[in-house]
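Protein chains in written order, with my numbering: chain A, 1 to 338; chain B, 339 to 676. Glycine included, C-beta positions come from ideal geometry on N, C-alpha and C. Since we're looking at a predicted model, the values are computed, not measured.
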DNA sequence: AAATTTCCGGAGAACGTTTTCCCGAGGTAG
DNA sequence: CTACCTCGGGAAAACGTTCTCCGGAAATTT
């Protein structure tokens, strides 16, 4: 009972393997009577198609590889979940690989996935430039979409949130609620999210008040850095602390409270990403919510390239870069200063 | 260059496909000279074995299916990560499925994974009893290990933390730091973690002070319930609030602060699981840390059943249930009351 | 009525491995 | 010298699909 094959169904229904395959796959019209008999036999025997054999013959596994830098990074689980959902809706399964933030491991895992003949790759690159080489290599073999973070211009199709728009939302909100002396807690490095959010803040803050001194400090995307950064900027008494992501913001929130600052009375704090932790912080964190489901859906859509053969026409097919608009989630940490 | 097959390597090295397979798989001794030639040719052509063909022939995909109830549940990402790591160490890849806490979806996903001919299944059941039927079905077809939550006795091999031992650690700690009037914020339902932690608390509390009134309230494993539950128990002024997991504890912490209670001065709060959020709460949460890496390693170990053929000898092979000892993480929320 | 097309179904060749046979050469034992 | 292994290697059969030919019958056209 474990292994019923097409042969068995063919024998039981008194016709050929080819016919059974056709009726079950619906790949070619087949006589109504025969079809019924076949379907019945298949049902009765409990036939279940063997995806492995199918994959070998049709050269398509229906599996896409998903490589993430750190599944434990709190922003990724919801993204992974939506990706899994979106891909599954298209009949594709997800082979998961975690590369532990290491570009070399990343390269190795990509190699293995290719060996397993995934139909496509979904990749959140671990490093802006050190991931590049492997990515172009892989992209030459299968459809590949970069997610959340970029990997240099023109390397591959990519989907991400519009970081600049998100930062603009934050700055508008702060201005509208009377904040006048913001500062920015960002991340150094060349990761696209870090760069985009940083430059968007600088542009927006300058537009708001060209005469204001610019207060920006850069570290990494962590709670610890958020805490430490507060000590650097608090002496200048900003009335708003704009953070490059939620982890930094949570750290800032903790340290500000320790220092006896009133949030949001004395100072507003904002984050970015809207990880689950953001709503649970105290006070709850105003942040920019990434349209995770849409990002996933868009990525899934980009994965299907034209009808197979069209995959390798021009080596310089134009690269598509999708940017989706985020949404501002206003919570207690930026309530209007009275 | 995309598809170099054994045939190509054979042709290039002037020997037969069989020989090439043998030398590359190392499945049978082969002449030193020939081996060298073959390896050289393979290297030169950039041969990469086709896992799909291999799987078809050898009836083993090297893929294990992992079904989780909700990847976004904050306890799972770290577990998934360690599982992926442990399995990858054994040369196996992970096909991920999220069933959205729904037993029917769970059943469907398990079916698909079996259709894809996974070698084994790793399952965190969505529901203690409604998942049972599918599980026994699946377990009859491939090695299957239940993780974190049980699914009725004797259904399949399982790996989980020793909830009773964890709860005992908590109670000992509270007793040692002078807490005398604990209460318990638990979860209703039959999920094994909920039941075990609840009964362990009751047994431990009774042993501590048989005359103490028992204060236990039951809801679900959520922050919201933690907040709500505090309103129910705070009037009786416990000096310790023991929670069935970290989410409940975080909610309790928030509500207690709102009510003006001093944690840990007036009352200690403890959690369970040690999710990332626990260390970031304010005050940082004392909790029970699950040995995630060991759980994963043990699960991976259980998956390899005797040498293939031994898989279906007695229909009533004894079921193995591994329980691993947790560790108490003492943080600020239970500092000794002075 | 003959010629052409359409329709349904079967035989069998792929897909890229692994593995079972089989064969010949050389070595050892009898 | 014959008989029997061992050893290195090849031919070919699986594994379970899909898909391309092909052939015959029925339906349509000329």
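query, result
"Who are the Cβ neighbours of residue 286 (chain A) in its own chain at under 6 angstroms, not counting the five residues just before and after it?", "270, 330, 331, 333 and 334"
"Could you check the C-alpha separation between residue 14 (chain A) and residue 25 (chain A) for me, to the nearest Å?", "18 angstroms"
"Count the other C-beta atoms from every protein chain shown that fall within 10 angstroms of the C-beta of residue 78 (chain A), then say buried if there are 16 or more, exposed otherwise.", "buried"
"Which residue comes first and which comes last in the beta strand (DSSP E) that contains residue 555 (chain B)?", "554-557"
"Only counting the same chain, and skipping five residues up and downstream in sequence, which positions put a Cβ closer than 8 angstroms to that of residue 429 (chain B)?", "400"
"Determine the contact status of residue 524 (chain B) and residue 582 (chain B), defining contact as a CB-CB distance below 8 angstroms.", "yes"
"Counting only beta-carbon separations shorter than 8 angstroms, does residue 439 (chain B) have a partner in chain A?", "no"
"Anything in chain A within Cβ reach of residue 473 (chain B), meaning under 8 angstroms, just list it in chain order.", "Within 8 angstroms Cβ-Cβ: nothing; residue 473 (chain B) doesn't reach chain A, min ~17 angstroms."
"From which residue to which residue does the beta strand (DSSP E) around residue 61 (chain A) run?", "It is not in any beta strand (DSSP E) - residue 61 (chain A) carries neither H nor E in the DSSP assignment."
"Mapping the DSSP letters down to three states, classify residue 667 (chain B) as helix, strand or coil.", "strand"
"Cβ atoms of residue 480 (chain B) and residue 458 (chain B): under 8 angstroms apart, would you say?", "yes"
"Under 7 angstroms between beta-carbons, which chain B residues line up against residue 50 (chain A)? List them in chain order, please.", "455"
"For the beta strand (DSSP E) that contains residue 432 (chain B), what are its first and last residues?", "431-436"
"Going by the CB atoms, is the gap between residue 147 (chain A) and residue 110 (chain A) shorter than 8 angstroms?", "no"
"Pull the bridge partners of residue 452 (chain B) from the DSSP assignment, please.", "Residue 452 (chain B) pairs with nothing; no bridge assigned."
"For residue 251 (chain A), collect the residues of the same chain with a Cβ closer than 8 angstroms to its Cβ; drop the 5 residues on either side in sequence, then sort them by chain order.", "222, 223, 224, 225, 226, 227, 228, 229 and 230"
"On the DSSP bridge assignment, give the partners of residue 19 (chain A) in chain order.", "Residue 19 (chain A) is not bridged to any residue."
"If you follow the alpha helix (DSSP H) that residue 42 (chain A) is part of, which residue opens it and which one closes it?", "32-45"
"Should the stretch 433-448 of chain B be regarded as contacting the stretch 371-387 of chain B, the criterion being three or more beta carbon pairs within less than 8 angstroms?", "no"
"Should residue 157 (chain A) and residue 320 (chain A) be called a contact, given that it needs their Cβ atoms to be closer than 8 angstroms?", "yes"
"Let's test the definition: count the other Cβ atoms within 10 Å of the Cβ of residue 603 (chain B) and tell me whether it reaches 16, buried, or not, exposed.", "exposed"
"Counting contacts by CB-CB distance shorter than 8 angstroms, is residue 375 (chain B) in contact with chain A?", "no"
"Would residue 659 (chain B) pass as an interface residue toward chain A - the criterion being a Cβ-Cβ separation below 8 angstroms?", "no"
"With distances taken Cα to Cα, identify the nearest neighbour of residue 591 (chain B) among B:618, B:350 and B:611.", "B:618"
"At 4 residues or longer, and completely inside the stretch 483-549 of chain B: list those alpha helix (DSSP H) runs for me, N to C.", "501-514 and 530-546"
"Along chain B, which residues have their Cβ under 9 angstroms away from the Cβ of residue 290 (chain A)?", "Chain B residues near residue 290 (chain A): none, gap ~14 angstroms exceeds 9 angstroms."
"Look up residue 269 (chain A) in the DSSP assignment and say whether it is helix, strand or coil.", "strand"
"To the nearest angstrom, how far is the alpha carbon of residue 556 (chain B) from that of residue 532 (chain B)?", "9 angstroms"
"Report the three-state DSSP secondary structure of residue 406 (chain B) (helix, strand or coil).", "strand"
"Counting only the same chain and skipping the five closest in sequence on each side, list residues whose C-beta sits under 7 angstroms from that of residue 631 (chain B).", "420"
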